[in-house]
Amino acid sequence: MMHKKRLIILLVFTSAFFSCQKDTHPVPNVYVNIYINVTSTQYIELNNIGGWLYLTGGYNGIIVYRRSLNEFMAFDRACPHHPYNSPALDVDASGMLAECSDCGSSFLLYDGTVVQGPANLPLKAYRTIFDGIHLRIYN
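So for the sequence shown, this note's numbering puts the first residue at 2; every next one is plus one.
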């Protein structure tokens, strides 16, 4: 009976250990905890769905995109193809894509997916919470 308990405990710890995956995104993790009042004139670009703006923070700056009435996306401006030595991503004239001027990769602001390579990973996303007035961007 005692051996059975030990075996079960060993199996639980082993499965817990191997189920934890390391964050393998190439953009380094940095602490992000930003609050903004989207009704402020400072953030007027976020009043409309599809609006976006740049914020200081993250590894190489942050792009905030209003996806719907109550949903925002926040992405690091570092290109996942070469995050350590690339310029910050820029939003194109359509306001729908973030582009890397160095490697030519482009990404949808709607969800961060790759539209054009050589990048093969999506943008590094930060978590967001919106209460109708305040937007929190964090990791």
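Virtual Cβ for every residue (Gly too), placed ideally from N, Cα, C.
Residue i lies in the beta strand (DSSP E); which residues open and close that run?
i, result
"His82", "Segment: none, His82 is in no beta strand (DSSP E) and carries neither H nor E."
"Asn61", "Note, Asn61: premise wrong, no beta strand (DSSP E); not H, not E."
"Thr129", "Ala126 to Phe131"
"Leu136", "His135 to Tyr139"
"Asn38", "Asn34 to Asn38"
"Met74", "Glu72 to Asp77"
"Ala99", "Leu98 to Glu100"
"Ala56", "The residue asked about is misnamed: residue 56 is Leu in this sequence, not Ala. Where Leu56 is concerned, the enclosing beta strand (DSSP E) stretches over Trp53 to Leu56."
"Ser107", "Ser107 to Leu109"
"Val116", "Val115 to Gln117"
Here's a check: name, in chain order, each residue in its chain whose Cβ is nearer than 7 Å to the Cβ of residue i, leaving out the five neighbours to either side.
i, result
"Val33", "Gly58, Gly59, Tyr127, Ile138, Tyr139 and Asn140"
"Glu100", "Leu90, Asp91, Asp93 and Ser107"
"Asn71", "Phe131"
"Val31", "Gly59 and Tyr60"
"Leu47", "Val39, Leu54, Val65 and Arg67"
Taking DSSP as the reference, what is the three-state secondary structure of residue i?
i, result
"Leu47", "helix"
"Thr15", "Low local confidence applies: a pLDDT of 48 at Thr15 is under 50, so the model's placement there is unreliable, and no value is given."
"Leu8", "Residue placement at Leu8 is flagged as unreliable, the pLDDT there being 46, under the threshold of 50; the coordinate-derived value follows with that caveat. Note: Leu8 maps to helix in three-state DSSP."
"Arg68", "strand"
In chain order, what residues of the same chain lie with their CB nearer than 6 Å to the CB of residue i, ignoring the 5 residues before and after it?
i, result
"Pro29", "Tyr60"
"Met74", "Tyr66 and Arg68"
"Lys125", "His26, Val28 and Asp77"
"Gly113", "Phe76, Pro123, Leu124 and Ala126"
"Ala79", "Val28, Tyr60 and Asn61"
Could you check which residue in the options has the C-alpha nearest to that of residue i?
i, options, result
"Ser69", "Tyr55, Gly96, Asn49 and Ala75", "Asn49"
"Asn121", "Ile130, Pro88, Gly96 and His82", "His82"
"Phe131", "His26, Val65, Val31 and Ser87", "Val65"
"Thr129", "Glu46, Ile63, His26 and Gln43", "Ile63"
Ignore the nearest five residues each way along the sequence and tell me which others in residue i's own chain have a CB closer than 8 Å to its CB.
i, result
"His135", "Tyr36, Ile37, Asn38 and Val39"
"Gly96", "Gly51, Gly52, Trp53 and Leu110"
Just confirm the distance between the C-beta atoms of residue i and residue j, as a whole number of angstroms; I'd bet it's less than 8 Å.
i, j, result
"Pro119", "Cys104", "6 Å"
"Ser102", "Pro88", "6 Å"
"Leu98", "Val115", "No, Leu98 and Val115 are not in contact; Cβ-Cβ is about 11 Å, not under 8 Å."
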